[in-house]
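Residue numbering for the sequence shown follows full-length UniProt numbering, beginning at 1 and increasing consecutively.
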Amino acid sequence: MSVQSQQSVHRHTCTLCEAGCGITVSVEGDRVLEVRGDPDDPASRGYICPKATALADLHHDPDRLRHPMVRDGDRWTEVGWEEAFDLVGRRLREIRERHGRDSLGVYQGNPTAHNLGLLTYGQALFRGLGTRNVYSATSVDQLPHMLAAYLMFGHQLLMPVPDIDRTELFVCLGGNPVVSNGSIMTAPDMRTRLKALARRGGRAVVLDPRRTETAELTGEHHFIRPGTDALLLMSLVHVLFTEQLVRTGHLGAYLTGLDRLREAAADFPPERTSDVTGVDPAVARQLARDLAETQRAVLYGRVGTCTQEFGGLNGWLLVAVNALAGNLDTPGGAMFSTPAVDAVPVARWAGHAGSFARYGSRVRGLPEFGGELPVSVLAEEIDTPGDGRIRALVTSAGNPVLSTPNGARLERALDRLDFMVSVDPYLNETTRHADVILPPTSQLERSHYPLALANYAVRNTARYSQAVFRRAADQRHDWEICIGLAAQLFRPGNALLRRAAGLGWRALRALGPERIVAIGLRLGPHGLRRGRHGVSLRKLRERRQGIDLGPLESRLPDRLPGRSSTIALAPAEYLADVARLRERLASAPPDGLVLIGRRQLRSNNSWMHNSPRLVKGRARCTLLMHPDDAAERGLADGEFATLSSRAGRIDVGVEVSDAMMPGVVSLPHGWGHHRPGARLSVAGANPGASINDVTDEYLVDELTGTGAVTGVPVAVHAREAVAG
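Right under this line is the structure:
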């Protein structure tokens, strides 16, 4: 057989970020030759960023684990799957029986949202453990958006997205979509979308403490001090009311609390807030007017608005401004997707429509949201003695030592656990503390359907991707790992019941995520009700490039759950927190420097730094500083400085840039690969420094418990020379 005849091309989806771009993967035998954008994908239309090409590196990475690993001191040994499951099941059962359900902790990383197996079987396992100590990346990311969806619309998944392809005014606050390609806004190739906005005569305005890549493209940028977005947003509300610009449109009959919202905003005219925010009052007033008077306009806020001291208020006010300006549920505004598999009714049926503050964390009393506690308390819940202390931890698809506040404290706490198991393909900065590592298959060895992220797409599409490579007989998909663990953890004591349970686990294994997707497609809004034109799994397997289901549509009030079908513009939880915002308005801006993070196109999660093509070139883990701030501290571009906070200190290279607002410094997240014991050879040679070694676990949004990793007070000075 010729070499040419052994080559083949497969359609798949890049699952490394929310964009979910369609790709074609050229393979020869068991090797990836090339990854390219799929020009026929209805959402990405041939676009990919550098991360997608690195799927080959990740698949063939010699550091990627293929078999279960058990630690004995500093040594790791490969074992079989049944032996690993038996060990994990026995140890977790022992700890649970001796110390109670809350002695087990769970942490899930953000790749869960990109993973069909973890979204279906993983949630059933981790929530089924019955512990209150469930944590995830949600509380250092999008929790305020989800809380607003729950309190305002009645369901935590009802987060509207910008109808970016039809808007005439896009106002972006605390986001960088040119780099992220959307975030809670699945929008591949945002650069092209924003250029199309300009060609049709529209505008894009960015407000950010850094002149981001998005701001460079759009050309209209205003600095805003970190942590003050809620003051600006409240000023926009104030202007909309006082200048009679409120346009409730077709939602007028469904909006409640307008009078209470007007009263709450009365004390926040732009002329009062500008000294704190740094945004000129004339700019704020004009923004409010433009949002109300432009026929198709939308206000979008993202992670920078969430991960700060007023993240909860920001989530509320972003929705409120769009509603007041007539830009909610209208073409070109903030709209709701119509995904082929609709997660909203499924989550409601499963009891996951949302919840808030049903209980608090054991030590600090931070509020529960959606059955999870804020990850800022994870270390203290391991450290602090008493009933309910976490003694065993399960991590899945996450590296919290590098991705959660004060990671240095957390890594010390992990060594105090009685037992730890990680579902992860790498021996990384977190999993090196585990007793057992259970590695799942790679992205190209498993099928994919965007079960979660299709709910936030800027255009309705459906695409199912079959695995490019078959998994080996001695490998396991993540959902198979979850079944193996569940079979051990929920094992009945009676032999007859145990045999019956075994039949049930085999039935679940036979079902698989694909059949769950098939059922969801049939019952979804584009399924059975559309007859032979409906979307089915069979049809998606035939049309591997995906199916275009059309632009976003007005969905309210039908999309609202419950009998009342109202949109609450002034929930009591937010009104009570406005008093704290008034206190912030009355206080002077803090002296000294504050720290913000930043995202980079060739990076999203810490394990991507083990791809040679994603870390090659100039060092990218640098501390951006305004020239005046650098000069004041005697620092020059390229020199190393020490960055310190209450939580810790790191050394990092300085990059002087007038893209930074004076008084603000910026460091990218996901780095810090200097920890001993990890097996990440490429990342270890390009370690960088972890921003979460200086973020503070005690800095949180008091309302939501979300980690306030934006606006952390820091000091920067020249690194002391090392003797010898």
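C-beta atoms are modelled at their ideal positions from N, C-alpha and C, and glycine is treated no differently. Computed from a predicted model, the values in this text were never measured in an experiment.
Checklist entry - Which whole-angstrom value is the C-beta distance of Ala-43 and Pro-188, which I expect to be below 8 angstroms? => result One-based indexing of the sequence shown puts residue 43 at position 43. One-based indexing of the sequence shown puts residue 188 at position 188. Sure, about 6 angstroms apart at Cβ, within 8 angstroms.
Next on the checklist: Please report the straight-line C-alpha distance between Pro-627 and Gly-711, rounded to a whole angstrom.
Outcome noted: Here residue 627 refers to the residue found at position 627 of the sequence shown. Here residue 711 refers to the residue found at position 711 of the sequence shown. Approximately 19 angstroms, taken between the alpha carbons.
Item to check | Val-665 vs Ile-596 beta-carbon contact at 9 angstroms | outcome: Position 665 of the sequence shown, counting from 1, holds the residue named residue 665. Position 596 of the sequence shown, counting from 1, holds the residue named residue 596. For Val-665 and Ile-596, yes; Cβs fall inside 9 angstroms.
Next on the checklist: Counting C-beta neighbours from all protein chains within 10 Å, is the total for Asp-61 16 or more, i.e. buried, or is it exposed?
Outcome noted: Sequence index remark: in the sequence shown, residue 61 carries index 61 (1-based). Flag for Asp-61 reads buried.
Checklist entry - What do you get for Val-3, buried or exposed, if any count of 16 or more other CB atoms within 10 angstroms of its CB means buried? => result The residue given as residue 3 occupies position 3 in the sequence shown. Per-residue confidence for Val-3 stands at a pLDDT of 44, beneath the threshold of 50, marking its modelled position as unreliable; the derived number appears in the next sentence. Counting Cβ neighbours within 10 Å, Val-3 comes out exposed, since fewer than 16 surround it.
Next on the checklist: So for Leu-699, helix, strand or coil by DSSP?
Outcome noted: For the purposes of this step, residue 699 is taken as the residue at position 699 of the sequence shown. Coil at Leu-699, not helix or strand.
Checklist entry - Would the stretch 461-475 and the stretch 628-646 be scored as touching if the rule is three or more Cβ pairs under 8 angstroms? => result no
Checklist entry - Tell me, which residues are paired with residue 725 by DSSP? => result The first residue shown for the chain is 1 and the last is 724, placing residue 725 beyond what the model contains.
Next on the checklist: In this structure, how does DSSP classify Met-185 when only helix, strand and coil are distinguished?
Outcome noted: As a first step, residue 185 is located in the sequence shown; it is residue number 185 there, counting from the start. Note: Met-185 maps to coil in three-state DSSP.
Item to check | Element boundaries [alpha helix (DSSP H), containing Asn-314] | outcome: Position 314 of the sequence shown, counting from 1, holds the residue named residue 314. It spans 311-324 - the alpha helix (DSSP H) in which Asn-314 sits, taken as one unbroken run.
Next on the checklist: Could you tell me the alpha carbon to alpha carbon distance between Gly-304 and Gly-705, rounded to whole angstroms?
Outcome noted: Translated into the one-based positions of the sequence shown, residue 304 becomes position 304. Translated into the one-based positions of the sequence shown, residue 705 becomes position 705. For Gly-304 and Gly-705, the distance between alpha carbons rounds to 15 angstroms.
Checklist entry - Relative to the alpha-carbon of Pro-50, which residue among Asp-141, Val-88, Ser-603, Leu-104 has its alpha-carbon at the smallest distance? => result In the sequence shown, the residue the question calls residue 50 occupies position 50. For the residues Asp-141, Val-88, Ser-603, Leu-104, the minimum Cα distance to Pro-50 belongs to Ser-603.
Item to check | Spatially closest choice to Met-146 from Met-152, Gln-156, Asp-696, by CA coordinates | outcome: Locating residue 146 in the sequence shown gives position 146, counting from the first residue. For the residues Met-152, Gln-156, Asp-696, the minimum Cα distance to Met-146 belongs to Gln-156.
Checklist entry - If you count every other CB in all the chains shown that lies within 10 Å of the CB of Thr-430, and 16 or more means buried, which is it? => result By one-based count along the sequence shown, residue 430 stands at place 430. The residue is buried, with at least 16 neighbouring Cβ atoms inside 10 Å.
Item to check | Gly-19 versus Gly-46, Ala-718, Val-27, residue with shortest Cα-Cα distance | outcome: Position 19 of the sequence shown, counted from the start, is the residue given in the question as residue 19. Rather than Gly, the amino acid found at residue 19 in this sequence is Ala. Checked all of Gly-46, Ala-718, Val-27; the closest Cα to Ala-19 is Gly-46.
Item to check | Buried versus exposed call for Ala-325 [16 or more other C-beta atoms within 10 Å across all chains shown] | outcome: Working through the sequence shown from its first residue, we reach residue 325 at position 325. Looking at its Cβ environment, which holds 16 or more other Cβ atoms inside 10 Å, Ala-325 is buried.
Next on the checklist: Please report the straight-line C-alpha distance between Gly-672 and Ala-149, rounded to a whole angstrom.
Outcome noted: The sequence position of residue 672 within the sequence shown is 672, counting from 1. The sequence position of residue 149 within the sequence shown is 149, counting from 1. Answer to the nearest angstrom: the Cα atoms are 34 angstroms apart.
Item to check | Status (buried if at least 16 other CB within 10 Å, exposed otherwise) for Ser-536 | outcome: Within the sequence shown, residue 536 is the residue found at index 536, counting from 1. By the 10 Å Cβ count, Ser-536 comes out buried.
Item to check | Status (buried if at least 16 other CB within 10 Å, exposed otherwise) for Tyr-359 | outcome: By one-based count along the sequence shown, residue 359 stands at place 359. With fewer than 16 Cβ atoms within 10 Å of its Cβ, Tyr-359 is classed as exposed.
Checklist entry - Out of curiosity, what's the CA-to-CA distance linking Asn-314 and Leu-233? => result Reading the sequence shown from its first residue, position 314 is the one you call residue 314. Reading the sequence shown from its first residue, position 233 is the one you call residue 233. Approximately 7 angstroms between the Cα atoms of the pair.
Next on the checklist: Using a Cβ distance threshold of 8 angstroms, determine whether the stretch 449-458 contacts the stretch 417-434, with at least three qualifying pairs required.
Outcome noted: no
Item to check | Proximity of Ala-297 and Val-171 at Cβ, strictly below 9 angstroms | outcome: In the sequence shown, the residue the question calls residue 297 occupies position 297. In the sequence shown, the residue the question calls residue 171 occupies position 171. In contact: Ala-297 and Val-171 (Cβ atoms closer than 9 angstroms).
Next on the checklist: According to DSSP, is Ser-422 part of a helix, a strand, or is it coil?
Outcome noted: As a working mapping, residue 422 is identified with position 422 in the sequence shown. Residue state, collapsed to three classes: strand.
Next on the checklist: Which of the three DSSP states is assigned to Met-661 in this structure?
Outcome noted: Working through the sequence shown from its first residue, we reach residue 661 at position 661. DSSP places Met-661 in coil when its eight states are reduced to three.
Checklist entry - How long is the line joining the alpha carbons of Arg-618 and Arg-633, rounded to whole angstroms? => result Here residue 618 corresponds to residue number 618 of the sequence shown, with the count starting at 1. Here residue 633 corresponds to residue number 633 of the sequence shown, with the count starting at 1. Cα-Cα distance, rounded: 24 angstroms.
Item to check | DSSP three-state assignment for Asp-74, whether helix, strand or coil | outcome: As a first step, residue 74 is located in the sequence shown; it is residue number 74 there, counting from the start. It is coil, neither helix nor strand.
Checklist entry - Residues bridged to Ala-392 by DSSP? => result Along the sequence shown, one-based indexing puts residue 392 at 392. Looking at the DSSP assignment, Ala-392 forms a beta bridge with Leu-104, Phe-419.
Checklist entry - For Ser-442, which option in Val-9, Gly-80, Pro-111, Arg-93 has the closest C-alpha, if you only look at C-alpha atoms? => result Indexing the sequence shown from 1 puts residue 442 at position 442. Closest option to Ser-442, Cα to Cα, is Pro-111.
Checklist entry - What residue range is occupied by the uninterrupted beta strand (DSSP E) comprising Leu-438? => result Along the sequence shown, one-based indexing puts residue 438 at 438. Per DSSP, Leu-438 belongs to the beta strand (DSSP E) from 436-438.
Next on the checklist: By alpha-carbon positions, which one of Gly-648, Met-625, Val-140, Gly-109 ends up nearest to Leu-667?
Outcome noted: Counted from its first residue, the sequence shown places residue 667 at position 667. The option with the nearest alpha carbon to Leu-667 is Met-625.
Item to check | Residue from Ala-434, Ala-586, Arg-476 with nearest C-alpha to Ser-447 | outcome: Looking up residue 447 in the sequence shown gives position 447. Minimum Cα distance to Ser-447 is reached at Arg-476.
Checklist entry - In angstroms, rounded to a whole number, what distance separates the CA positions of Arg-719 and Gly-128? => result Numbered from its first residue, the sequence shown carries residue 719 at position 719. Numbered from its first residue, the sequence shown carries residue 128 at position 128. Approximately 49 angstroms, taken between the alpha carbons.
Checklist entry - With distances taken between CB atoms, is the gap from Tyr-121 to Trp-479 smaller than 9 angstroms? => result Position 121 of the sequence shown, counting from 1, holds the residue named residue 121. Position 479 of the sequence shown, counting from 1, holds the residue named residue 479. Closer than 9 angstroms, so yes.
Checklist entry - Which residues in the same chain have their Cβ closer than 8 angstroms to the Cβ of Leu-614, if we skip the five residues on either side of it in sequence? => result For this step, residue 614 is matched to residue 614 along the sequence shown. Closer than 8 angstroms at Cβ, skipping near neighbours: Pro-50, Lys-51, Ala-54, Asp-57, Arg-602, Ser-603, Met-608.
Checklist entry - Which residue or residues does DSSP assign as beta-bridge partners of His-12? => result Here residue 12 refers to the residue found at position 12 of the sequence shown. According to DSSP, which records beta bridges pairwise, His-12 is partnered with Ile-23.
Next on the checklist: Looking at Gly-311: is its Cβ nearer than 9 angstroms to the Cβ of Gly-175?
Outcome noted: For the purposes of this step, residue 311 is taken as residue 311 along the sequence shown, with counting starting at 1. For the purposes of this step, residue 175 is taken as residue 175 along the sequence shown, with counting starting at 1. Contact: no.
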